[in-house]
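Numbering (my numbering), first residue to last: 55 to 395. Even glycine gets a Cβ: it sits at the ideal position worked out from N, Cα and C.
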Ligand code: KG4
Ligand code: ZN
């Protein structure tokens with residue numbers, strides 16, 4: 055089954071074509087037009103500008119994508135991100151998908167952006183997802199543990215009470231003058247740092263739920279800098295503080311994930327979201343699963359699929375399409391606040 059994926063929820067216009075078969079998905083082609091440089095000039099995403107950029111990028115991207123083949127491949131379904139995200143940006147993708155579905159007379163699938171991140175680990179992966187499965191979604195806006203009883207059957211078992219893990223990376227990076235996005239900068243600095251240099255809290259680690267909280271950690275980093283008069287412009291100090299911060303974040307994420315994995319007796323673990331690119335997190339999760347739950351299959355996304363892309367949207371779309379879970383092009387609507395669970 056060939057699925058065309060379309061993603062325009064924030065600042066990347068992305069289209070992709072995948073092949074889905076027997077519970078596995080494979081990328082055939084993926085194109086992303088990033089607006090990062092445009093938004094860097096204003097220090098953040100301006101919704102009107104983002105939407106305008108999506109409008110001018112989307113059709114050329116679809117034609118380039120389909121122009122890769124001498125004969126246009128037969129598309130079995132179109133999957134589009136309908137939320138959450140910026141309303142005007144989402145609308146560009148949704149309206150494009152709707153028009154193509156009507157023009158080509160192919161079924162349409164409505165995908166939640168978080169669901170896309172969740173399925174990003176299944177792309178080009180030989181292992182299939184076995185249920186119950188547990189997904190840890192860690193991005194700039196989300197930190198969630200989602201239990202899956204089947205494809206499309208989600209239950210939220212834990213979430214952040216305040217900041218997301220990515221936000222904790224971004225805000226602490228800012229305090230250390232490491233720039234934006236903070237995650238990759240903190241991860242890089244941490245490579246030459248001592249994770250035990252500064253004692254930082256592991257928020258909510260000892261509470262019996264699967265929720266997270268990262269705002270206290272952020273404050274602790276701020277007070278550590280102030281009270282110890284840290285010269286964060288000194289690369290060694292920034293490295294030590296980065297390593298200590300990263301370890302605190304990773305410790306909490308791993309511990310709660312393992313506890314939830316044990317409680318719900320999961321068969322597969324999935325990782326997704328921008329923070330899934332973090333090597334320390336990937337290594338710590340792999341090591342703990344190997345030690346405590348070696349029988350659990352681990353699906354970790356290739357790094358290129360941790361940032362926003364349309365392959366993951368098409369992948370999630372494939373599992374809906376396999377169940378004939380389609381939506382009428384006349385009924386689909388962009389929903390900026392759509393919560394997956
Ligand atoms: O999923 P994403 O691309 O965007 C959304 O928030 O939807 O995630 C972006 C987040 C940012 O907070 C960024 O700092 C973080 O992912 N991130 C990382 C790494 N790469 C990106 N955090 C830690 N380590 C990384 N290597
Ligand atoms: Zn995203």
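inquiry  = Rounded to whole angstroms, what is the Cα-Cα separation between residue 337 and residue 330?
reply    = Numbered from 1 along the chain shown, position 283 holds the residue referred to as residue 337. Numbered from 1 along the chain shown, position 276 holds the residue referred to as residue 330. Spanning the two alpha carbons is a distance of roughly 11 Å.
ask   = Would a C-beta distance cut-off of 9 Å place residue 236 and residue 227 closer than the cut-off?
value = Translated into positions along the chain shown, residue 236 becomes position 182. Translated into positions along the chain shown, residue 227 becomes position 173. Between residue 236 and residue 227, the CB-CB gap stays under 9 Å.
task = Return the CA-CA distance between residue 59 and residue 70, expressed in angstroms with no decimal places.
result = Here residue 59 refers to the residue found at position 5 of the chain shown. Here residue 70 refers to the residue found at position 16 of the chain shown. Rounded to whole angstroms, residue 59 to residue 70 spans 5 Å at the Cα level.
task = Return the bridge partner residues of residue 86 from the DSSP annotation.
result = Counting from one through the chain shown, the residue named residue 86 turns up at place 32. Looking at the DSSP output, residue 86 bridges to 68.
query = Ordered along the chain, which non-local residues of its own chain (more than five positions away) have a Cβ less than 6 Å from that of residue 305?
reply = Within the chain shown, residue 305 is the residue found at index 251, counting from 1. Result list for residue 305: 256, in chain order.
query = Anyone know if the C-beta pair for residue 371 and residue 68 falls short of 9 Å?
reply = Working through the chain shown from its first residue, we reach residue 371 at position 317. Working through the chain shown from its first residue, we reach residue 68 at position 14. At a Cβ-Cβ threshold of 9 Å, residue 371 and residue 68 do not count as neighbours.
message = Contact defined as beta carbons within less than 8 Å: I believe residue 84 pairs with residue 365. What is the distance between those atoms, to the nearest angstrom?
response = In the chain shown, counting from the first residue as 1, residue 84 sits at position 30. In the chain shown, counting from the first residue as 1, residue 365 sits at position 311. Contact flag correct, Cβ pair sits at about 5 Å.
For residue 119, the three-state DSSP class (helix, strand or coil) = What you label residue 119 is simply residue 65 of the chain shown in a count that begins at 1. Helix, per DSSP.
request  = Say whether the stretch 342-349 touches the stretch 135-153, bearing in mind that this needs 3 or more beta-carbon pairs closer than 8 Å, one atom from each stretch.
outcome  = Contact between the stretch 342-349 and the stretch 135-153 is absent, because fewer than three Cβ pairs lie under 8 Å.
task = Can you have a look at residue 4 and say buried or exposed, based on whether 16 or more other CB atoms are within 10 angstroms of its CB?
result = Nothing about residue 4 can be read from this structure; the chain reaches only from 55 to 395.
inquiry  = Considering Cα atoms alone, identify which of 239, 203 and 191 is closest to residue 219.
reply    = Within the chain shown, numbered from 1, the residue matching residue 219 stands at position 165. Cα-wise, what sits closest to residue 219 is 191.
query = Closest to residue 55 by CA distance: which of 77, 65 and 63 is it?
reply = Reading the chain shown from its first residue, position 1 is the one you call residue 55. Cα-wise, what sits closest to residue 55 is 77.
query = Could you name the residues, in chain order, whose CB is less than 6 Å away from a heavy atom belonging to ligand 2?
reply = With the cut-off at 6 Å, the residues found are 167, 171, 193 and 362.
query = Over what stretch of residues does the alpha helix (DSSP H) that includes residue 172 continue unbroken?
reply = Counted from its first residue, the chain shown places residue 172 at position 118. Bounds of the alpha helix (DSSP H) holding residue 172 are 167-173.
query = Is residue 360 near ligand 1, in the sense that its beta carbon is under 8 Å from a heavy atom of that ligand?
reply = Translated into the one-based positions of the chain shown, residue 360 becomes position 306. Yes, ligand 1 has a heavy atom inside 8 Å of this Cβ.
request  = Please confirm if the stretch 367-382 is in contact with the stretch 153-162, defined as three or more CB-CB distances below 8 Å between the two stretches.
outcome  = Taking a cut-off of 8 Å for Cβ pairs, the stretch 367-382 and the stretch 153-162 touch, as three or more such pairs fall below it.
key: Opening and closing residue of the alpha helix (DSSP H) in which residue 270 lies   = Along the chain shown, one-based indexing puts residue 270 at 216. Under the DSSP assignment, residue 270 falls in the alpha helix (DSSP H) whose first and last residues are 269-281.
ask   = Taking the Cβ atom as the reference point for each residue, do residue 62 and residue 185 lie within a distance shorter than 9 Å?
value = On the chain shown, residue 62 is found 8 positions in, with the first residue counted as 1. On the chain shown, residue 185 is found 131 positions in, with the first residue counted as 1. For residue 62 and residue 185, no; Cβs fall outside 9 Å.
ask   = How many angstroms separate the CA atom of residue 173 from the CA atom of residue 316?
value = In the chain shown, counting from the first residue as 1, residue 173 sits at position 119. In the chain shown, counting from the first residue as 1, residue 316 sits at position 262. One alpha carbon belongs to residue 173, the other to residue 316, and they sit about 22 Å apart.
message = I need the straight-line Cα distance from residue 232 to residue 156, nearest angstrom please.
response = The residue given as residue 232 occupies position 178 in the chain shown. The residue given as residue 156 occupies position 102 in the chain shown. Approximately 48 Å, taken between the alpha carbons.
beta-carbon residue 108 near ligand 1 non-hydrogen atom, thresh 8 Å = Translated into positions along the chain shown, residue 108 becomes position 54. Outside the cutoff, so no.
message = Let me confirm a value: residue 363 is counted as buried when at least 16 other C-beta atoms fall within 10 Å, else exposed. Which label applies?
response = Along the chain shown, one-based indexing puts residue 363 at 309. Residue 363 is buried by the Cβ-count criterion.
query = Under a three-way DSSP split, which group does residue 357 fall into?
reply = Taking the chain shown and counting its residues from 1, the one referred to as residue 357 is at position 303. Three-state DSSP puts residue 357 in a helix.
request  = Please name the residue or residues paired with residue 199 in a DSSP beta bridge.
outcome  = The residue you call residue 199 lines up with position 145 of the chain shown. For residue 199, the beta-bridge partners assigned by DSSP are 190 and 212.
query = Near residue 339, what residues of its chain come up, given a Cβ to Cβ distance below 6 Å and the 5 sequence neighbours on each side ignored?
reply = As a position in the chain shown, residue 339 is number 285, starting the count at 1. Counting only residues of its own chain and dropping the five nearest sequence neighbours on each side, residue 339 has a CB closer than 6 Å to the CB of 308.
query = Using a C-beta cutoff of 9 Å, does residue 273 count as contacting chain B?
reply = Included in the structure is just one protein chain, with no chain B present.
inquiry  = With a threshold of 8 Å (Cβ to nearest heavy atom), would residue 137 be considered close to ligand 1?
reply    = Translated into the one-based positions of the chain shown, residue 137 becomes position 83. Using a cutoff of 8 Å, the CB of residue 137 does not count as near ligand 1, since none of the ligand's heavy atoms is closer than that.
message = Tell me the DSSP secondary structure of residue 395 in three-state form.
response = Counting from 1 along the chain shown, the entry for residue 395 is found at position 341. When DSSP states are grouped into helix, strand and coil, residue 395 belongs to the coil group.
ask   = Over what stretch of residues does the beta strand (DSSP E) that includes residue 304 continue unbroken?
value = Against the chain shown, residue 304 aligns to sequence position 250. No beta strand (DSSP E) contains residue 304, which is instead part of the alpha helix (DSSP H) from 289-317.
request  = Excluding the 5 residues preceding and the 5 following residue 115 in the sequence, name in chain order all residues of the same chain whose CB lies nearer than 8 Å to its CB.
outcome  = Position 61 of the chain shown, counting from 1, holds the residue named residue 115. Excluding positions up to five away in sequence, the list reads 67, 68, 69, 85 and 87.
request  = List the residues that DSSP assigns as beta-bridge partners of residue 373.
outcome  = Here residue 373 is taken as the residue at index 319 of the chain shown, counted from 1. Note: residue 373 sits in no beta bridge, so no partner.
key: residue 177 in three-state terms, based on DSSP   = The residue given as residue 177 occupies position 123 in the chain shown. Residue 177 falls in the strand class under three-state DSSP.
request  = Under the assumption that residue 254 contacts residue 302 (Cβ atoms under 8 Å), give the Cβ distance between them as a whole number of angstroms.
outcome  = One-based indexing of the chain shown puts residue 254 at position 200. One-based indexing of the chain shown puts residue 302 at position 248. About 4 Å separates the beta carbons of residue 254 and residue 302, which is inside the 8 Å limit, making them a contact pair.
query = What does DSSP give as the partner residues of residue 325 in its beta bridges?
reply = As a first step, residue 325 is located in the chain shown; it is residue number 271 there, counting from the start. DSSP lists 190 as partners of residue 325.
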